[in-house]
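Beneath this line is the structure, given in structure tokens, with notes to follow.
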Amino acid sequence: MSADPIESFSRHIAGEFTPTSAAELSRFVEQNSHGDRRGLYPVGGRTALHYGDPPQRDGTFVATGELSRVVDFAARDMTITVEAGIRIEELQRHLADAGQRLPIDIPQGHRATLGGALVSNTSGPGRFGYGTFRDYVIGISAVDGQGRLFSAGGRVVKNVAGYDLCKLLIGSLGTLAIVTQVTLKTRPLAPARGLLWMTFDAADMVEAALQQLLVSRTRPVAIEVLNQKAAWQIVRDASLDLPAAPYVLCLAFEGSDRDTRWQLETVAAELASLTESEQHPVPREHADRLWSALTEYQASSDDPLTFQTSLPRSRTLKFIEHASSENVAVQAHAGNGIVIGHLPDSCSTAESAAAILAPLRTLAEAADGTLTVLSCDEDWKETLSVFGSVRPSWNLMRRLKQALDPDGVLNAGRFRFPED
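Using the working numbering, you'd call the opening residue of the sequence shown number 1209 and step up by one each time.
Rendered as structure tokens:
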């Protein structure tokens, strides 16, 4: 990729401010609002700088890395309050000491911060069984574009005051406020995890398997569908000897050792009658390696372009078929209708990327879904639409932006709609 996000930002960023407290951040943003009104670009682990459109205003990075304290951990209540700059791996280690976890799969957890993952609404394979940030954030504190520090929700799980505001900031890409502190619900660590890898020659047989799962006695926490190219890459990254057929269905189960074994045996028996399929139970000692590879695959690497599609679940296989015909590597969280696609290396220009994306976006939007470009050469974004066609919700998003950031200083330009 000839122009990466860091290079794109370097044309606009003149410095970096690293607050050590929410109060210090509030004063800095308030002074900016009353002064030059420069662009403010919040960053944590800098794993999501490529999200959205390029910056449109000269300004300053606001680095949250020093806001990383554990404020309160009520282990018996299974809630934790932490500052938003804490690294995901550090948060999970702290929870694990008490036999708990935040069951959201976030790539590059050694770099990614909680605040960054939250505002990009990152999730992974386990979203089918465990949900997303909207299911775990019960309190939030943030600083808006004028320096006003505000809070919503609270530590007690039953307290729903301000819950809509909590959800509002999830997925906002830091364009509404800079998150400083988060209170989360947690879950117990799963004692065991088991995975079943199934290969298929045709998409219609995968669809038959998905239909069978609707009446299964088991409860998978992940239902992943991969095309051959994605399956090969994931198996390689996990260093496992598993076949990469035209289509792969990977099912994951968690619970006690006994329960996990029962679910694996039961689902294998339920799906045994499917023709043109083979079952490959993943050795228990390798389950975590495969899960990690499934989680990390959604992160962009050296691929020319990575996109995410949100679709009705019933349209997922048709979308995968079309993407596969264009040599796109595809991973689908099939239980949720989320598809991650990596364009092939042969796609070397914005024009060639557009030729592949246009019919895929049309297919997604015709099903009332969306296709969002997650990462690509920053120069391509001058001609490629990152977010697609205008949607009815965008007028509401503009009003929210005006209310919380009237000067447009927070991540200026990251949401650039077609008519802007």
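The beta-carbon is built from N, C-alpha and C at its ideal position, and this holds for glycine as well.
{"Asked": "Proximity winner among Ile1288, Gln1354 and Ala1306, relative to Lys1609 (alpha-carbon distances)", "Found": "Gln1354"}
{"Asked": "Unbroken stretches of the beta strand (DSSP E), 3 residues or longer, contained in the region 1350-1400", "Found": "1357-1361 and 1385-1393"}
{"Asked": "Stretch pair the region 1375-1390 + the region 1341-1352: three plus CB contacts closer than 8 Å", "Found": "yes"}
{"Asked": "Contact check, Met1406 vs Ala1417, beta carbons under 8 Å", "Found": "yes"}
{"Asked": "At least 3 beta-carbon pairs within less than 8 Å: the region 1399-1414 vs the region 1275-1284", "Found": "no"}
{"Asked": "Proximal residues to Thr1272 (C-beta, below 6 Å), its chain only, five neighbours per side dropped", "Found": "Gly1252, Ala1292, Gly1293 and Gly1323"}
{"Asked": "Residue burial classification, Gln1185 (beta-carbon count within 10 angstroms, cutoff 16)", "Found": "There is simply no residue 1185 to check, as the chain begins at 1209 and stops at 1628 in what is shown."}
{"Asked": "Close-in-space but distant-in-sequence residues of the same chain around Ala1283 (CB under 6 Å, 5 per side omitted)", "Found": "Ala1306"}
{"Asked": "Buried versus exposed, by CB contacts within 10 Å (16 or more), Pro1396", "Found": "exposed"}
{"Asked": "Cα-Cα separation between Leu1513 and Asn1619, rounded to whole angstroms", "Found": "22 Å"}
{"Asked": "Cβ pair count under 8 Å reaching 3, the region 1466-1477 against the region 1398-1405", "Found": "yes"}
{"Asked": "Coarse secondary structure for Phe1623, derived from DSSP in three states", "Found": "coil"}
{"Asked": "Touching by the beta-carbon criterion (3+ pairs, under 8 Å), the region 1320-1340 and the region 1516-1531", "Found": "no"}
{"Asked": "Three-way DSSP call (helix, strand, coil) for Ser1556 in this model", "Found": "coil"}
{"Asked": "Close Cβ partners of Arg1265 (< 6 Å) along its chain, the five nearest in sequence each way excluded", "Found": "Gly1247 and Ala1620"}
{"Asked": "Helix, strand or coil at Ile1221 according to DSSP, with G and I counted as helix", "Found": "strand"}
{"Asked": "Reference Asn1544; option with closest CA among His1494, Cys1555 and Pro1428", "Found": "Pro1428"}
{"Asked": "CB contact flag (Lys1437, Ala1537, <8 Å)", "Found": "yes"}
{"Asked": "Per-residue burial, Pro1311 [other beta carbons within 10 Å of its own, 16 or more giving buried]", "Found": "buried"}
{"Asked": "Residue ranges of each beta strand (DSSP E) within the region 1406-1445, 3 or longer", "Found": "1430-1435"}
{"Asked": "The beta strand (DSSP E) enclosing Gly1324, as first and last residue numbers", "Found": "Premise fails: Gly1324 lies in the alpha helix (DSSP H), Leu1322 to Val1327, not in any beta strand (DSSP E)."}
{"Asked": "Three-way DSSP call (helix, strand, coil) for Pro1489 in this model", "Found": "strand"}
{"Asked": "Beta bridge counterpart(s) of Lys1579 as assigned by DSSP", "Found": "Note on residue identity: the sequence assigns Leu, not Lys, to residue 1579. Answer is Thr1517, bridged to Leu1579."}
{"Asked": "Proximity winner among Ala1477, Val1390, Ser1593 and Leu1582, relative to Ile1296 (alpha-carbon distances)", "Found": "Val1390"}
{"Asked": "Collapsed DSSP secondary structure at Tyr1338 in the structure displayed", "Found": "helix"}
{"Asked": "For Asp1343 and Val1475, the rounded distance between their alpha carbons", "Found": "27 Å"}
{"Asked": "Span separating the alpha-carbon of Glu1586 from that of Val1594", "Found": "11 Å"}
{"Asked": "Residues of its chain near Phe1269, where Cβ-Cβ distance is below 6 Å and the 5 sequence neighbours each way are ignored", "Found": "Ile1221, Glu1224, Tyr1249 and Val1251"}
{"Asked": "Extent of the continuous beta strand (DSSP E) run through Val1251", "Found": "Gly1247 to Val1251"}
{"Asked": "Check: Leu1404 C-beta below 7 Å from any heavy atom of the ligand MN", "Found": "Summarising the ligand content, the structure contains no ligands, and the ligand MN is consequently not present."}
{"Asked": "Local conformation of Ile1294 per DSSP, three classes", "Found": "coil"}
{"Asked": "Straight-line Cα distance separating Gly1361 from Lys1526", "Found": "40 Å"}
{"Asked": "Best match in Asp1510, Ala1320 and Ala1575 for proximity to Glu1298 [C-alpha to C-alpha]", "Found": "Ala1320"}
{"Asked": "Extent of the continuous alpha helix (DSSP H) to which Thr1503 belongs", "Found": "Ala1495 to Glu1504"}
{"Asked": "Three-state secondary structure assigned by DSSP to Phe1527", "Found": "helix"}
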